[in-house]
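*Asks:* Submitted below is the structure of interest, expressed as structure tokens.
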Amino acid sequence: MTDGYDVRGALPGDAVDALPRGTNAVIVGPAMTGKRDLALQLLAAGFDDDEGVLTITTDGTVDVQDFERHVPGIDPDRIGILDCSGKDGGSHRNGVRRSVSSPGDLTGISISVAKQLKALETADVSGIRYGLVSISTLLQFLDVQTVFKFLHVFTARVEDTGGLGVYTLSEDAHDPQAVNTILGQFDTVLRIRETDAGDRELQVRGGGSAPTPWMPFPYPSNTTP
Amino acid sequence: MTDDPPLVVIVEDEPAVAEGYQLWLEGEYRTRVATDGGEALEVIDEEADVVMLDRMMPDMAGEEVLAELRARGLDVGVVMVTAVEPDFDVIEMGFDAYITKPPDRDELLQVIEQLAERSALSDELQEYYSLMARKGTLEAEKTRAELEESDAYDELVERIDEQQEEVDGTLGDVGEEAEFVDVARDLFGEPETEELKDATGEEP
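Just so you know, the sequences run in chain order A and B.
If you count the first sequence from 1, position 58 lands on 57 in numbering that gives the first Met the number 0, and the numbers rise without skipping.
If you count the second sequence from 1, position 41 lands on 40 in numbering that gives the first Met the number 0, and the numbers rise without skipping.
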């Protein structure tokens, strides 16, 4: 795992095999085009026994089972879920799941992430994959500049610790200026678009190499059952 | 964003004590002195980075001054200087730190430095956001070819790189959980989630 996070199978063809340590990758596209699922694929594909995964779910829909389905036999001690949908009420701990009362509680989210990391680190992890699904929900609760600042600190943390960050952003819910400003925080952008014929395509930009061509998405081999 | 040393406002009704603080802060900081709460509210403005606020003043309690500063939305770190160890949660009251009188020189300098750095982070991050928002707007309005032609865009990108370095230099080691939590508190305030109010991020 020294040369990065194996994400083989998450992306079409041989486009991207691995993402270097410290990568912050955002998935952006219209609503309902498979961004959440792609994020889960990137968090789970090629998951090494000695890694950990910590996902912030702003609507409470990401669950431990999502990882158990993608990574058969995954040790639950290596999974952390932070539910900030507010649907769980206040903060409590239930196995690998923690919660804060609202997506707008950025300090609460940060404290819970720190606590969860402490718990994961007791399992002696070599690297952590962080998920944030989705930035769009944060933008419904907070203004662009506050979300921007939070993402700056969060991505800096992922970078400093050699983690992998995977984020989703629904672009049609926000104005293009705001979307561009937010995207500026990420070193890798995975963009999903719909063609006039209604097919979906994916392009990967950043990570130090030239943009990939637009590729059909999702690719038949690894859609979620 | 200026490169002037941080500005510390000393609010203290005993001139000799205020002067003592000024001597300690000399060189590293600019200082202003106010001798009561009313004067404090006159001299504390956007420029101030840190306020040392005496808790007991003849005209106004430190808490009242603090409440007014927060009501004005001033982004300034406030240290309460108090004769007695407070038996209540000063952080809950909105103070960023407290020092008991008479303060220890090193302790005071350490607290001031920490608060000045926080204030700098908030300013620098705000400036970085403004630049990035400008870039985001240009990118939404112009074609890629137009941007490549534009000197103003080039210059903006260059300023963004410099500003990002500034921010990340001030950000500290957010790879450390405790530091990450401190930064979040400084930027976004206390957690809303009731059970996390006293959390430091240090305990498991």
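No residue lacks a Cβ here, since even glycine has one placed at the ideal position from N, Cα and C.
As the structure is a computational prediction, the values presented were derived from the model and not from experiment.
1. Do Leu-114(B) and Gly-76(B) count as a contact pair if the criterion is CB distance below 9 Å?
2. Only counting the same chain, and skipping five residues up and downstream in sequence, which positions put a Cβ closer than 6 Å to that of Ser-101(A)?
3. With DSSP as the reference, label Thr-180(A) as helix, strand or coil.
4. Can you find a CB in chain B that lies within less than 9 Å of the CB of Leu-131(A)?
5. Give me the chain B residues within the contact set of Ala-155(A), using Cβ-Cβ distance strictly less than 8 Å, ordered along the chain.
6. Determine the DSSP secondary structure at Gly-89(A), reduced to helix, strand or coil.
7. Per DSSP, what are the beta-bridge partners of Asp-153(B) in this structure?
8. Got a sec, what are the start and stop residues for the beta strand (DSSP E) Met-51(B) sits in?
9. By the three-class DSSP mapping on this structure, what secondary structure does Leu-10(A) have?
10. Quick one, which of Thr-81(B), Glu-116(B), Val-110(B) has its alpha-carbon nearest Lys-100(B)'s?
11. So what does DSSP say about Met-92(B), is it helix, strand or coil?
12. What is the DSSP secondary structure of Leu-73(B), reduced to helix, strand or coil?
13. In chain A, which residues lie less than 7 Å from Ala-139(B) when you measure between Cβ atoms?
14. Mind checking Pro-102(B): buried by the 16 CB within 10 Å criterion, or exposed?
15. For the stretch 100-120 of chain B, list every residue whose C-beta sits within 8 Å of some C-beta in chain A, in sequence order.
16. Please give the ranges of any alpha helix (DSSP H) in the stretch 148-218 of chain A, keeping only runs that are unbroken, at least 4 residues long and fully inside the region.
17. Can you pull the chain B residues whose beta carbon is under 9 Å from the beta carbon of Phe-149(A), in chain order?
18. Within a Cβ cutoff of 8 Å, which residues of the same chain sit near Gly-161(A), ignoring the five residues on either side of it in sequence?
19. Output, in chain order, the set of chain B residues within a Cβ distance shorter than 8 Å of Gln-139(A).
20. Taking Val-95(A) as the query, report the chain B residues whose CB atoms sit under 7 Å from its CB, ordered along the chain.
21. Closest Cβ-Cβ distance between Glu-67(B) and chain A: below 9 Å?
22. Take Leu-41(A) and list the residues in its own chain whose beta-carbon comes closer than 6 Å to its own, dropping the five residues that flank it on each side.
23. Does the beta carbon of Thr-145(A) sit closer than 9 Å to a beta carbon anywhere in chain B?
24. List the residues of chain C that Ile-127(A) touches, going by C-beta distances under 8 Å, in chain order.
25. Cβ atoms of Thr-57(A) and Leu-163(A): under 9 Å apart, would you say?
26. For Leu-81(A), which beta-bridge partners are listed by DSSP?
27. Helix, strand or coil for Val-228(B), going by three-state DSSP, please let me know.
28. At a CB-CB cut-off below 8 Å, which residues of chain A make contact with Phe-179(B)?
29. Give the single residue among Leu-189(A), Asp-47(A), Ser-111(A), Ile-110(A) whose Cα lies nearest to the Cα of Pro-215(A).
30. By the 10 Å Cβ neighbour count, where 16 or more other Cβ atoms means buried, how is Arg-71(B) classified, buried or exposed?
31. Just the Cα atoms here: how many angstroms apart are Gly-93(B) and Arg-96(A)?
32. Note down, in chain order, every chain B residue with its Cβ under 7 Å from the Cβ of Leu-105(A).
33. Quick check: Glu-29(A) and Ser-169(A), are their CB atoms within less than 9 Å of each other?
34. Just the C-alpha distance for Gly-89(A) and Glu-193(B), rounded to the nearest angstrom, thanks.
35. With 9 Å set as the bound, which would you pick, yes or no: does the beta-carbon of Ala-209(A) sit closer than that to a beta-carbon of chain B?
36. Does Leu-73(B) come within less than 9 Å of chain A when only Cβ atoms are used?
*Replies:* Short version:
1. It is a contact, given that the beta carbons lie within the stated cut-off.
2. The residues are Gly-85.
3. For Thr-180(A), the secondary structure class from DSSP, reduced to helix, strand or coil, is helix.
4. So, not an interface residue.
5. Within 8 Å Cβ-Cβ: Asp-167, Leu-170, Val-173.
6. Unreliable placement is indicated for Gly-89(A), whose pLDDT of 48 sits below 50; the coordinate value is still reported in the next sentence. Reduced to three states, the DSSP call for Gly-89(A) is coil.
7. The partner list for Asp-153(B) (beta bridge, DSSP) is empty, contrary to what the question assumes.
8. That run of the beta strand (DSSP E) goes 49-53.
9. Coil, per DSSP.
10. Out of Thr-81(B), Glu-116(B), Val-110(B), Thr-81(B) has the C-alpha closest to the C-alpha of Lys-100(B).
11. Coil, per DSSP.
12. Secondary structure of Leu-73(B) (DSSP, three-state): coil.
13. Within 7 Å Cβ-Cβ: Pro-175, Gln-176, Asn-179.
14. Counting Cβ neighbours within 10 Å, Pro-102(B) comes out buried, since at least 16 surround it.
15. The stretch 100-120 of chain B vs chain A, Cβ under 8 Å: nothing.
16. Inside the stretch 148-218 of chain A, DSSP marks whole alpha helix (DSSP H) runs of 4 or more residues at positions 175-182, from first to last along the chain.
17. Within chain B, the residues near Phe-149(A) are Ala-183, Leu-186, Phe-187.
18. If we look at Gly-161(A) and ignore the five residues flanking it on each side, its Cβ neighbours are Arg-20, Gly-21, Gly-126.
19. In chain order: nothing, as chain B lies at least about 16 Å away.
20. Per Cβ cutoff of 7 Å: no residues; Val-95(A) is ~14 Å from chain B at best.
21. By this cut-off, Glu-67(B) is not an interface position.
22. Excluding positions up to five away in sequence, the list reads Val-6, Ala-9, Val-165.
23. Yes, contact with chain B.
24. In summary, chain C is missing from the structure at hand, where the protein chains are A and B.
25. If you check the CB distance, Leu-163(A) and Thr-57(A) do not come in under 9 Å.
26. Partner(s): Ile-55(A), Arg-97(A).
27. No statement about residue 228(B) is possible, as the shown extent of chain B runs from 0 to 203 and does not include it.
28. In chain order: Ser-109, Val-112, Ala-113, Val-152, Arg-156.
29. That would be Leu-189(A), whose Cα lies nearest to the Cα of Pro-215(A).
30. Around the beta carbon of Arg-71(B), fewer than 16 other beta carbons lie within 10 angstroms, which makes this residue exposed.
31. A straight line joining the alpha-carbon of Gly-93(B) with that of Arg-96(A) spans about 31 Å.
32. Going along chain B in sequence order, the residues near Leu-105(A) (Cβ under 7 Å) are Ala-183, Phe-187.
33. In the sequence as presented, Glu is not what sits at residue 29(A); that position holds Pro. Yes. Within cutoff.
34. The predicted position of Gly-89(A) is uncertain, since its pLDDT is 48 and thus under 50; a value taken from the coordinates is nonetheless stated next. C-alpha separation (whole angstroms): 7 Å.
35. No, no contact with chain B.
36. No, because no Cβ of chain A sits closer than 9 Å to the Cβ of Leu-73(B).
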